[in-house]
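Engineer: Sharing a structure, written as structure tokens. Questions coming.
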Amino acid sequence: MKFIPEKYNIPDEPMKPFIDPEEIWNYINNTKSTPERVREVIAKAYDKKRLSLEETAVLVNTTDPVLVEEILNAARDLKKKVYGNRIVLFAPLYIGNKCTNNCTYCGFRTSNKDALRVTLTDEEITKEVEALEDNGQKRLILVYGEHKDYSPEFIADNVRLVYGIKKGNGEIRRVNINAAPLDIEGFKTVKESGIGTYQVFQETYNPDAYAQYHLGGKKRDFNWRLTSLDRAQEVGLDDVGIGALFGLYDWRYEVLGLVRHTNHLEACYNVGPHTISFPRLKDASSINAPEEYVVNDKDFVKLVAILRLAVPYTGMILTARESVAVRREVIQFGVSQIDGGTKLELGSYSQSKNEDQNLNREQFMINDSRSLAEIVEELIDHENLPSFCTACYRLGRTGEHFMEFSVPGFIKRYCTPNAILTLSEYLVDYATPQVQTKGWKLIDKTLGELNNQGNPVEIRSRIERIKQGERDLYF
Ligand code: SAM
Ligand code: SF4
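Counting in the numbering used here, the sequence shown runs without a single skipped number right up to 1468 at its last residue.
The following block contains the structure:
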């Protein structure tokens, strides 16, 4: 698939900054949201075409409740059409919270003298991963502060270690990374360890606001961060995740910033981001963040729906920063991945006691502390298919190939069958009898709805093989 380049004030060139705040504000201030225009834009999104900045501005400027409802309904429908009813599950694993940066909103910032600094040893990582495997996790994201101890070699060693840890039928099949931007050599080193996605959130796409929050360390350099995922692409690490930390600046601007970043990656590398994250600012130890840009729940739902429509092919991640109620609500408007059983305190997965959160040991407050088992059960109850699938990146369906996601049939051929197979493994290995009963029922229903493109006969035969003890079967 080739993308048609769009003309911007700053032309897209690999590894060159591309954000022009004036241009983004111009789109927001000068784009009208009429019913006709909103419906035209929705129709384009339904066609699974990525929206331009101007079209995204039409949606962010929509305040008429009737039209907002149409946007939400469209996002809900598009999610079903593109992603089916599956939700991919993962868990974050914090490896180290030493940090030389001074991001005012983060509990790990260097000036926070209350923070207890910990870096997990190999033995501790092993214990943590075994505990995660005992719960049924298959996909992890390793998270790091920015510190000379967390070099690309260190990260790559951690990744190899994690892949090697097996307990019973447990294994981690995909390790993603959320860490500081690297140079080209660094990305190469980390790529070679076999990671899935490398995530770097820009936090805010407004350089002036960015300067106010990032007071020390390498992270002060807006453009080094902005171009980081270009450097990843340069070494063939084509599976990248972008994000903005909502609450630092005007949410409408950030939505356009994320779309502009998407367009840049498409224009330079012919591939958009694999995932978009939209964390909302949460309490942290001695946090220092403004009231002005707090995003309320209503606007949060709306911005998630707009992102779903604006970049129909991308994965959308909603984390346990959000409350159970917000997660239940927002999931339907386009989310494709959530974390489950999340614990942020370093080393806490392997501790049996479930203590209250101590913010001096964590980056920020989480608001959904349910176990993976509880989340799986709720997803099944709501007819969402929990998935632990890791097939695409292991079969090389990443980057440009992943963009085939928008080709009709992809979900039926791969995603739904792989969700069914990985859920089958989970049911056999980790679920209670009650969840097993509900899970098999949902699998049966889903199989009944798959036409031959999804190959239900072959899936049923593989489920039998899983019941007989085979593991890791995928399409
Ligand atoms: N240190 C690396 C960095 O800053 O890119 C990666 C890890 S950082 C621990 C991961 C993300 O957490 C940040 O990019 C930021 O968006 C988010 N974060 C930081 N403080 C937060 C807070 N108080 N509430 C919610 N999210 C926060
Ligand atoms: Fe460090 Fe990342 Fe926290 Fe900033 S957001 S203080 S870089 S861990």
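Cβ atoms here follow ideal geometry from the backbone N, Cα and C, with glycine treated the same way.
How many Å lie between K1460 and A1366 at the Cα?
Structural biologist: So the two alpha carbons sit approximately 20 Å from each other.
Engineer: Any chance the segment 1300-1308 sits against the segment 1125-1139, with 3 or more Cβ pairs inside 8 Å?
Structural biologist: The segment 1300-1308, when compared against the segment 1125-1139, does not touch it at the 8 Å Cβ threshold.
Engineer: What's the gap between the Cα of P1266 and the Cα of A1237?
Structural biologist: Their backbone Cα atoms lie some 13 Å apart in a straight line.
Engineer: Within a Cβ cutoff of 8 Å, which residues of the same chain sit near G1210, ignoring the five residues on either side of it in sequence?
Structural biologist: Correct list, in chain order: C1092, T1093, N1094, N1095, T1103, E1139.
Engineer: Quick check for students: name the residue ranges of the alpha helix (DSSP H) that lie wholly in the segment 1219-1290, counting only runs of 4 or more.
Structural biologist: Taking only runs of at least 4 residues, the alpha helix (DSSP H) segments lying wholly in the segment 1219-1290 are 1221-1227, 1244-1262.
Engineer: Would V1287 be called buried (16 or more neighbouring beta carbons within 10 Å of its own) or exposed?
Structural biologist: By the neighbour-count rule (16 or more Cβ atoms within 10 Å), V1287 is not buried but exposed.
Engineer: So does the segment 1240-1255 actually touch the segment 1182-1193, counting three or more Cβ pairs closer than 8 Å?
Structural biologist: Result no; under three Cβ-Cβ pairs closer than 8 Å.
Engineer: Within a Cβ cutoff of 8 Å, which residues of the same chain sit near T1335, ignoring the five residues on either side of it in sequence?
Structural biologist: Only A1084, P1085, T1312, A1313, I1359, D1361, S1362 meet the Cβ criterion.
Engineer: Check the C-beta distance from L1414 over to R1387 and give it rounded, since I have them as a contact under 8 Å.
Structural biologist: With 8 Å as the limit, L1414 and R1387 do not qualify as a contact, their Cβ atoms being about 13 Å apart.
Engineer: Here's the rule I'm using: 16 or more other beta-carbon atoms within 10 Å means buried, otherwise exposed. How should S1316 be labelled?
Structural biologist: That one is exposed.
Engineer: Flag P1014 as yes when its Cβ comes closer than 7 Å to any non-hydrogen atom of the ligand SAM, and as no otherwise.
Structural biologist: Not so, every heavy atom of the ligand SAM lies at least 7 Å from the Cβ.
Engineer: Looking at C-alpha atoms only, which residue of G1392, E1164, D1465 is the closest neighbour of N1411?
Structural biologist: It is D1465.
Engineer: List the whole-angstrom C-beta distance separating G1333 from K1072, where the pair is believed to meet the contact cut-off of C-beta under 8 Å.
Structural biologist: Incorrect: roughly 19 Å between the Cβ atoms, too far for contact.
Engineer: Measuring only from the beta carbon, is Y1137 closer than 7 Å to any heavy atom that is part of the ligand SAM?
Structural biologist: Within the cutoff, so yes.
Engineer: Pick helix, strand or coil for K1160, following the three-state DSSP scheme.
Structural biologist: Correct three-state label for K1160: strand.
Engineer: For the alpha helix (DSSP H) that V1061 lies in, which residues bound it at each end?
Structural biologist: Start and end: 1058-1076.
Engineer: Taking buried to mean at least 16 other C-beta atoms within 10 Å of its own C-beta, is R1458 buried or exposed?
Structural biologist: Exposed, because fewer than 16 other Cβ atoms sit within 10 Å of the Cβ of R1458.
Engineer: Which residue or residues does DSSP assign as beta-bridge partners of Q1461?
Structural biologist: Q1461 is not bridged to any residue.
Engineer: Would you mind sorting M994 into buried or exposed? The rule is 16 or more other CB atoms within 10 Å of its CB.
Structural biologist: Bear in mind that a pLDDT of 46 at M994, under 50, signals an unreliable position, so the number given afterwards is only what the model happens to contain. That one is exposed.
Engineer: Is it buried or exposed, N1105, if we count other Cβ atoms within 10 angstroms and call 16 or more buried?
Structural biologist: Under this definition N1105 is a buried residue.
Engineer: Return the first residue and the last residue of the beta strand (DSSP E) that L1082 is part of.
Structural biologist: It spans 1079-1089 - the beta strand (DSSP E) in which L1082 sits, taken as one unbroken run.
Engineer: With a threshold of 7 Å (Cβ to nearest heavy atom), would V1193 be considered close to the ligand SAM?
Structural biologist: Yes; taking the cut-off as 7 Å, the Cβ of V1193 has a heavy atom of the ligand SAM nearer than that.
Engineer: Tell me which residues share the same chain as D1013 and place their Cβ nearer than 8 Å to its Cβ, disregarding the 5 neighbours each side in the sequence.
Structural biologist: Counting only Cβ-Cβ distances below 8 Å, and skipping sequence neighbours, we find Y1001, N1002, I1003.
Engineer: Using 10 angstroms around the beta-carbon of K1212, count the other beta-carbons present and answer buried if the total reaches 16, otherwise exposed.
Structural biologist: So K1212 ends up on the buried side.
Engineer: In the structure shown, what three-state DSSP assignment does I1165 receive?
Structural biologist: I1165 falls in the coil class under three-state DSSP.
Engineer: For the segment 1164-1213, list the beta strand (DSSP E) runs that are entirely contained and at least 3 residues long, ordered along the chain.
Structural biologist: If we require 3 residues or more, the beta strand (DSSP E) runs fully inside the segment 1164-1213 come out as 1167-1171.
Engineer: Just grab the DSSP bridge partners of V1136 for me.
Structural biologist: Its beta-bridge partners are Y1087, N1171.
Engineer: Report all residues from its chain with a CB closer than 8 Å to the CB of I1165; omit the five preceding and five following residues, and keep chain order.
Structural biologist: Here the set comprises V1122, L1125, E1126, Q1130, K1131, R1132, L1133, V1155, Y1156, I1158.
Engineer: How would you write the range of the beta strand (DSSP E) that L1365 sits in, first residue to last?
Structural biologist: No beta strand (DSSP E) contains L1365, which is instead part of the alpha helix (DSSP H) from 1365-1374.
Engineer: Check for me: the beta strand (DSSP E) holding S942 runs from which residue to which?
Structural biologist: Limits of the chain in this structure are 994 at one end and 1468 at the other, which puts residue 942 out of reach.
Engineer: CA-CA distance, F1468 and K1434?
Structural biologist: When rounded, the distance between both Cα atoms is 22 Å.
Engineer: Based on the DSSP output, what are the partners of P1379 in its beta bridges?
Structural biologist: Answer is I1080.
Engineer: With distance defined between alpha-carbon atoms, name the residue in T1391, N1151, C1099 nearest to L1230.
Structural biologist: Selected option, being the one with the closest Cα: T1391.
Engineer: Shorter than 7 Å, the distance from the beta carbon of F1271 to the closest heavy atom of the ligand SF4, or not?
Structural biologist: No; taking the cut-off as 7 Å, the Cβ of F1271 has no heavy atom of the ligand SF4 nearer than that.
Engineer: Kindly indicate if chain B contains any beta-carbon less than 8 Å away from that of L1086.
Structural biologist: In the structure shown, chain B cannot be found, because there is only a single protein chain.
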